[in-house]
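First comes the structure, then the notes that go with it.
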Amino acid sequence: MRKLKDVFKLTMLFGVVALLFVACSDDAEDATNDVAITEAELKTVLESDQAASAVDAVLAEMYQDNGNSNKSSAKGNECYAAEYTENGFTATFNNCVLNGTDNINGTLDVTYVANSESAAFTATYTDFYVGTLKLNGTRTFMISEGSNGNSVAFTVTSNMSVETEAGEVVSESGTKTLTVTFDEGIFFSVAGSWTVQADGHTYAVETIEDLQGQFGCAHLTDGSMTLNKNGLEVTVDFGDGTCDDKATVTYPNGTQEEFTL
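765 is the number of the first residue of the sequence shown in the numbering used here; add one for each residue after it.
What follows is the structure in structure tokens.
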């Protein structure tokens, strides 16, 4: 009987050790996830920002066009159109492709900001679609110094939610300076800081070198930024201007990873 009790105690001991091992393994796995940035997380941060800013350049163009048109008039093309009033304009997108991959569909209400020291307007998004992503919220644009004949610079303050087909909601907020250049194509650069909240995590972004891109390319082509998650800060570099889907992530210890966007 004593031997049976000893065997039982030994079995219980092994069971406790096994449970502790499993628990420690799970904790280690969670810790590993907390001290790394995954490709999927970077995509979430970029896609939410790219969706929220997908029509910024077009809105800037529409705003400029109003200065060359009569009040209460309409301007546009087969892809999008603007109907102007004294208080702003309505921008309608006809399920068309703007950035090479995503169809843009819906209507934005744009209101000029009254009593502003500089020219400004607010775009309100209500169930506006970029591809399969549904956008709601506001983006306020204020013209910055440095605008000229073929370019315009805006300070953009954003408070947006982006909902996926699966019902997952990502929020994006912050302030950026957006410069749009109208040349042989439409080019843009972004500088600033913003936060993205997704899956219970908060990601803080701050540009180091202006992020650059152009219409017709689905991804950023140049520039770099820091990305902070739970105290871990990495640097993300988007390359040398080539239109591709690659980015280099550098950790504090110098380790680098190439991510596909």
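Even glycine gets a Cβ: it sits at the ideal position worked out from N, Cα and C.
Assigned exposure category for residue i - 16 Cβ within 10 Å defines buried
{"i": "residue 882", "result": "exposed"}
{"i": "residue 996", "result": "exposed"}
{"i": "residue 933", "result": "exposed"}
{"i": "residue 1020", "result": "exposed"}
{"i": "residue 943", "result": "buried"}
{"i": "residue 855", "result": "buried"}
{"i": "residue 922", "result": "buried"}
{"i": "residue 830", "result": "buried"}
{"i": "residue 957", "result": "exposed"}
{"i": "residue 931", "result": "exposed"}
{"i": "residue 1005", "result": "exposed"}
{"i": "residue 980", "result": "exposed"}
{"i": "residue 1013", "result": "buried"}
{"i": "residue 842", "result": "exposed"}
{"i": "residue 972", "result": "exposed"}
{"i": "residue 866", "result": "buried"}
{"i": "residue 850", "result": "exposed"}
{"i": "residue 896", "result": "exposed"}
{"i": "residue 786", "result": "Residue placement at residue 786 is poorly supported in this model, since its pLDDT is 40, which falls under 50; the coordinates still yield a value, given next. So residue 786 ends up on the exposed side."}
{"i": "residue 1022", "result": "exposed"}
{"i": "residue 917", "result": "buried"}
Helix, strand or coil at residue i [DSSP, three-state]
{"i": "residue 825", "result": "helix"}
{"i": "residue 794", "result": "Low confidence applies to residue 794: its pLDDT is 42, below 50, so where it sits in the model is not reliable, and the reading given next is rough at best. Note: residue 794 maps to helix in three-state DSSP."}
{"i": "residue 815", "result": "helix"}
{"i": "residue 930", "result": "coil"}
{"i": "residue 835", "result": "Since pLDDT at residue 835 reaches only 44, below the 50 mark, its modelled position is unreliable, and the value read off the structure follows with that caveat. Reduced to three states, the DSSP call for residue 835 is coil."}
{"i": "residue 945", "result": "strand"}
{"i": "residue 984", "result": "coil"}
{"i": "residue 955", "result": "strand"}
{"i": "residue 808", "result": "helix"}
{"i": "residue 974", "result": "strand"}
{"i": "residue 997", "result": "strand"}
{"i": "residue 914", "result": "coil"}
Whole-Å CB distance - residue i paired with residue j, under 8 Å assumed
{"i": "residue 977", "j": "residue 952", "result": "6 Å"}
{"i": "residue 960", "j": "residue 929", "result": "No, residue 960 and residue 929 are not in contact; Cβ-Cβ is about 19 Å, not under 8 Å."}
{"i": "residue 889", "j": "residue 862", "result": "Not quite, the Cβ-Cβ distance comes to about 15 Å (not below 8 Å), so this is no contact."}
{"i": "residue 893", "j": "residue 869", "result": "4 Å"}
{"i": "residue 991", "j": "residue 1002", "result": "The pair is not a contact, with the Cβ atoms about 12 Å apart (cut-off 8 Å)."}
Those residues which DSSP pairs with residue i across a bridge
{"i": "residue 1008", "result": "In the DSSP output, where bridge partners are listed per residue, residue 1008 has none listed."}
{"i": "residue 872", "result": "855 and 889"}
{"i": "residue 867", "result": "861"}
{"i": "residue 844", "result": "857"}
{"i": "residue 1021", "result": "1013"}
{"i": "residue 801", "result": "Paired residues: none, contrary to the question."}
{"i": "residue 936", "result": "924 and 960"}
{"i": "residue 901", "result": "889 and 924"}
Residue i: CB within 7 Å of a non-hydrogen atom of the ligand MG
{"i": "residue 1019", "result": "Among the components modelled here there is no ligand, and therefore nothing to report on the ligand MG."}
Note to self: So, does the segment 963-976 touch the segment 814-830, judging by three or more C-beta pairs under 8 Å?
What the structure shows: no
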